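Scroll down for the structure; my scribbles are underneath it.
Protein chains: 2
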Amino acid sequence: MARRSFWGWGLESDEPSQADREAAAANLSRRYGRQFTAAPAPSLDQLQLRSPRIQPPPALASFCSTEVYDRAANAYGKSFRDVLRAFAGDFPNPPDVVAYPSDEAGVVAILDWASSANAVAVPYGGGSSVVGGVEPPGGDRPVVTIDLAHLDRVLEVDPVSRAARVQGGVLGPALEDQLRPHGFTLRHFPQSFEYSTLGGWIATRSGGHYATNHTHIDDFVESIRTVTPRGVIESRRLPGSGAGPSPDRLIIGSEGILGVITEAWMRIQARPRFRASAGITFDSWKSGYEAARQVVQAKLWPANCRLLDPVEAGSAAGLKGDEALLIVAFESAEVPQEPLIRQAVRIAREAGGRIDDGAVLVADSPGEGDGVGRQGAVGAWRNSFIRAPYGRNLTAGTGMVGDTFETAITWDRWPDFDANVRAAVTAALNDAAGGGSLSCRFTHVYTDGPAPYYSFQAPGKPGGELEIWSAIKQAASNAVIANGGTITHHHAVGRDHRPWYDQQRPPLFAEALRAAKKTLDPNGILNPGVLIDP
Amino acid sequence: MARRSFWGWGLESDEPSQADREAAAANLSRRYGRQFTAAPAPSLDQLQLRSPRIQPPPALASFCSTEVYDRAANAYGKSFRDVLRAFAGDFPNPPDVVAYPSDEAGVVAILDWASSANAVAVPYGGGSSVVGGVEPPGGDRPVVTIDLAHLDRVLEVDPVSRAARVQGGVLGPALEDQLRPHGFTLRHFPQSFEYSTLGGWIATRSGGHYATNHTHIDDFVESIRTVTPRGVIESRRLPGSGAGPSPDRLIIGSEGILGVITEAWMRIQARPRFRASAGITFDSWKSGYEAARQVVQAKLWPANCRLLDPVEAGSAAGLKGDEALLIVAFESAEVPQEPLIRQAVRIAREAGGRIDDGAVLVADSPGEGDGVGRQGAVGAWRNSFIRAPYGRNLTAGTGMVGDTFETAITWDRWPDFDANVRAAVTAALNDAAGGGSLSCRFTHVYTDGPAPYYSFQAPGKPGGELEIWSAIKQAASNAVIANGGTITHHHAVGRDHRPWYDQQRPPLFAEALRAAKKTLDPNGILNPGVLIDP
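If you're matching them up, the sequences are chains A and B in order. The opening residue of the first sequence carries number 367 in the working numbering; numbering runs sequentially from there. The opening residue of the second sequence carries number 367 in the working numbering; numbering runs sequentially from there.
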């Protein structure tokens, strides 16, 4: 079976060759006018990991590993910092044991063992965290990572209610593969889709494919089954309820500190057959975001309503570099979408957008829709989106620094927010790296505000990347919080965002959450340091 | 200023005359073929309330009352049982003091006093609870009810983000009156709209006007400010966030056990100008609910998608009594709605629905829309909906028993659920009252299931109503829970639904909630017995 790369995005077979990496370094050299070199990728047999501080008891040994590969591959998520450290072979604090339970009883047994051994238990889905959410905490307690890769099945499909009971460890493509024969899809496509899991999406409040209306995984959850150290919490399958605070909403976003999500009933949908899309250009970033606001406030609920600033529209969609691009798309399994796209285009044009009538793509006959949304500027952007996580495999260790940060902010504060965040990050880029690039797109838009997603890149020197990255990340996070945003719209908090999350969440809420955790996890074994202090 | 009736729905000026009540009794006599009589309505000066067990300290006396009127008017919600007890002048356990703070500092002062005096504090919005949510608990602790009537202002309107900062005690009409000059509306119209408050809606997860998509008040909350006995919890204004479990979702549905909601930023919207509606008839209940399912699963997101069973379609909308009625309506501030209603009608017709093309009402020119949705069968139903709570004022004390219960259930289980619930309630009606009527409508529909709302009526004898009511309520609640529903979709839990809520919510969730409450309300002063045991 194809194995995941222990250091990069994707499988071992996705790892770039040395020639690929050298070509990427040459590209960087041309772009920045100085020499970049590609160090060789790490090999497993060079790794020297600390000896495991704990061994699984015989009854659990059959599904536990203390092998170097398993411990290294589960030591980090996939943030810039993670990939850089893994590329450097820098694994000072790997998990001591990686458990691969094949069923819920296995999860229970691991938690029981961790409790009795005073070990830390870190739930691990696809390992795509970019916030230190699956990294073992420091300290003396041994760490058992619970890799849910074998809880990978769709257990039940209810076609009448359009819902499915799904195990927590299933990766995105495997989930879709199992729903497809029934004619359904969850249609939740975060950028990490290939290597993230249902349980991970729920635990981190993942933001999905849709730019408007129901898009956070929160909206698709019908009920959740969670194994806590005290036992199982399972909510009732209900389409809606007003019975007290939602039990599901305590688990959604809990990032593995309350329990392990083993199953959930998820709302699924028929596969779209009708599609329409339009890529609308604007003379300025400002006229683009005014149009995005007006489109979303019209409550047409497009599946896509993504705005690229002139930098991103240039690099990712081939525009001239001085225009913003608004990508609007509608889709439906049941209903032609032309009337909706025409209204969205009308609103966008009234706000200054330009698009030829002929460039509005409509596929309102069933079967015709497959190409729509995959053509022209829209299609170019989409491919770039899906491939982005592989890019780091090419440039890791060359000295290049690149990362993203994302947030949400109300429309009234957005223009100042954007100006202040850009100023702070630009200053940090200049100070730390002598310059760099910064761009922004909206990944999601709400009636009350956008979710902007910023990307930055800066040329550094091999070995100096983390210092530069840290300075920029600090500046960006400080500016996001000081200007009223959330430290994360869909990347989660983990360990890395804690300083800013601690400023954002109400202190008494943190106390209430700590009390809830103490009730469910009295020995504090689950993911200590994530979200709250032990 | 007009004063609320201390026993019935609405103002004192809404109380029916003795002649009105006698006419209602005569109607019942004709309907049931036996004599009903209208006892005289209670008068305030007949009431003998227990002496207050506590007196407010001098510093708080200016906004506290121990008057008979205030204590009686705040003693109950407005359930069938509440109105019956109040009509009978039966007030054995009124609050000892009613406080009317005019600002947040007043709320803090009352909570501080209650803590130090070991008193119970009951937050009180519009007093429309039908689940015992505002009724003082029994026992020896004195009770202070915090009536938020003076926290009734819209403090800020943000027209760009379409959001408003609103105090928790504002009643529905006053909220709309303050938004209207700005061109906005919250457009949250529960049946209790006239006498329920924003804070009450948030505390009880109120279900609003819309039948699909965003309708629960949960969806309109941008941030909440809550005074707990330990201090204020205020969440950040954010259009979306993935930063840990949502702090707002702990407060939403907390029914006054964690704190007093003093303010919230709410998502508002432009007032609709484009409207379309259709009343579609079906030969059977089954073909009607199949159509409702198909319409909602097409994700057209109609503002209204209410299905009336043949009994309700007959009594409330004037149909023949053997047809179901599906009311579908769309509305928008920005976009013509004809294409959407045409699609919905197409789907409903394919599922067996009947409507003439000319009966599909469309007002797609601005200004034209005011009449649409207020005509024909649709209009008849709407008027009946708004007036329903006043009906009890006419029949209280005549011996008539009538109440509603509501739930939600997934589509796969719905047909059996409906059959079993009807069988159980019909048996209870027969056993307890020798018969009666039972009907159902869908108030909300989701892609994964409907929210059915049942109404029952049975003729009893004066003084015997509560025994009949209790037998039917027990049978209904048992059947709802045994067949997989929620004990409440939008009426809340309060004290009355506790036995069934306790079966529904996961036990470990209740423990976590109790731990959170202990953190925020260490002396257990807030609404003890609601949702969880102290």
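Every residue gets a Cβ at the ideal spot worked out from N, C-alpha and C, and that includes glycine. Remember, it's a predicted structure, so these values are computed and weren't measured experimentally.
Which two residues bound the contiguous alpha helix (DSSP H) that contains residue i?
| i | result |
| --- | --- |
| Glu323/B | Because chain B here runs from 367 to 900, residue 323/B falls outside it and cannot be looked at. |
| Arg396/B | Gln384 to Tyr398 |
| Ser836/A | Glu831 to Ala848 |
| Arg531/A | Where Arg531/A is concerned, there is no enclosing alpha helix (DSSP H), although the beta strand (DSSP E) it sits in stretches over Ala529 to Gln533. |
| Thr852/A | No alpha helix (DSSP H) holds Thr852/A; DSSP gives it neither H nor E. |
| Ile568/A | Leu564 to Thr570 |
| Glu378/A | Per DSSP, Glu378/A belongs to no alpha helix (DSSP H) and is neither H nor E. |
Excluding the 5 residues flanking residue i on each side, which residues of the same chain have their C-beta closer than 6 Å to its C-beta?
| i | result |
| --- | --- |
| Pro755/A | Trp375 |
| Gly851/A | Thr773 and Ile775 |
| Glu697/A | Pro638, Arg641 and Ala669 |
| Gly498/A | Gly860, Arg861 and Asp862 |
| Arg758/B | Val449 |
| Ala439/B | Arg370 and Phe372 |
| Cys430/B | Pro422, Val463 and Ala465 |
| Leu521/A | Arg531 |
| Ala837/B | Ala794 and Ala798 |
In whole angstroms, what separates the C-alpha of residue i from that of residue j?
| i | j | result |
| --- | --- | --- |
| Glu700/A | Gly830/B | 53 Å |
| Leu537/A | Glu560/A | 7 Å |
| Val449/B | Ser572/B | 21 Å |
| Tyr435/B | Ser409/B | 10 Å |
| Ser681/B | Asp769/B | 16 Å |
| Ala368/A | Ser495/A | 21 Å |
| Ala475/B | Thr885/B | 19 Å |
| Leu604/A | Ser589/A | 7 Å |
| Thr594/A | Arg602/A | 17 Å |
| Trp567/A | Arg591/B | 28 Å |
| His856/A | Ser607/B | 7 Å |
| Ala794/A | Asp887/B | 44 Å |
| Thr761/A | Gly493/A | 20 Å |
| Ser620/B | Pro611/A | 6 Å |
| Thr809/B | Val661/B | 14 Å |
Which same chain residues, not among the five before or five after residue i, have their C-beta less than 8 Å away from its C-beta?
| i | result |
| --- | --- |
| Gly504/B | Asn459 |
| Lys652/A | Pro781 |
| Pro828/A | Thr403, Ala405, Gly763, Thr764 and Gly765 |
| Ile898/A | Ile623, Ala876, Leu879, Arg880 and Lys883 |
For residue i, which residues of its own chain have a beta-carbon under 7 Å away from its beta-carbon, when the five flanking residues on both sides are left out?
| i | result |
| --- | --- |
| Gly815/A | Ala774, Ile775, Thr776, Trp777 and Trp780 |
| Glu734/A | The predicted model places Glu734/A with a pLDDT of 49, which falls under 50 and marks its position as unreliable; any figure quoted below should be read in that light. The answer is none, since no qualifying residue turns up. |
| Ala442/B | The amino acid at residue 442/B is misidentified as Ala; the sequence shows Tyr. For Tyr442/B, where only same-chain residues beyond five positions count, the Cβ hits under 7 Å are Asp448, Arg451, Ala452 and Glu501. |
| Ser371/A | Leu377, Glu378, Asp380 and Glu381 |
| Asp386/B | Leu760 |
| Glu689/B | Thr647, Phe648, Asp649, Pro676 and Ala679 |
Following the continuous beta strand (DSSP E) through residue i, name the residue where it begins and the one where it ends.
| i | result |
| --- | --- |
| Ser643/A | Phe640 to Phe648 |
| Ile599/B | Gly597 to Glu600 |
| Arg633/A | Val626 to Arg633 |
| Thr761/A | Premise fails: Thr761/A lies in the alpha helix (DSSP H), Gly757 to Thr761, not in any beta strand (DSSP E). |
| Ala690/B | Ala690 to Ser698 |
| Val587/B | Val587 to Thr594 |
| Gly363/B | What is shown of chain B runs 367 to 900, which leaves residue 363/B out entirely. |
Find the nearest neighbour of residue i within the set the options, judged by alpha-carbon distance.
| i | options | result |
| --- | --- | --- |
| Tyr466/B | Gly534/B, Asp723/B, Asp524/B and Phe402/B | Gly534/B |
| Arg659/B | Gly684/B, Ser527/B, Pro705/B and Val694/B | Val694/B |
| Ala729/B | Ser612/B, His582/B and Gln703/B | Gln703/B |
| Ala789/A | Phe446/A, Val767/A, Phe822/A and Ala762/A | Phe822/A |
| Gly565/A | Val509/A, Gly610/A and Gly622/A | Gly622/A |
| Leu916/B | Tyr867/B, Glu629/B, Ala454/B and Gly654/B | The first residue shown for chain B is 367 and the last is 900, placing residue 916/B beyond what the model contains. |
| Gly724/A | Ala569/A, Asn484/A and Ile707/A | Ile707/A |
Let me see if you follow: with CB-CB separation under 9 Å, is residue i close to chain E or not?
| i | result |
| --- | --- |
| Asn484/B | Any reference to chain E falls outside this structure, whose protein chains are A and B. |
ask   = In chain order, which beta strand (DSSP E) runs of at least 3 residues are fully inside the segment 785 to 837 of chain B?
value = Listed in chain order, they are 803 to 812 and 815 to 825.
ask   = Where are the beta strand (DSSP E) runs, 3 residues long or more, that stay fully inside the segment 432 to 513 of chain B, in chain order?
value = The segment 432 to 513 of chain B contains these whole beta strand (DSSP E) runs: 463 to 465, 486 to 490 and 509 to 513.
request  = Give, in chain order, every unbroken run of the beta strand (DSSP E) that is at least 3 residues long and sits entirely within the segment 872 to 896 of chain B.
outcome  = Runs of the beta strand (DSSP E) inside the segment 872 to 896 of chain B: none found.
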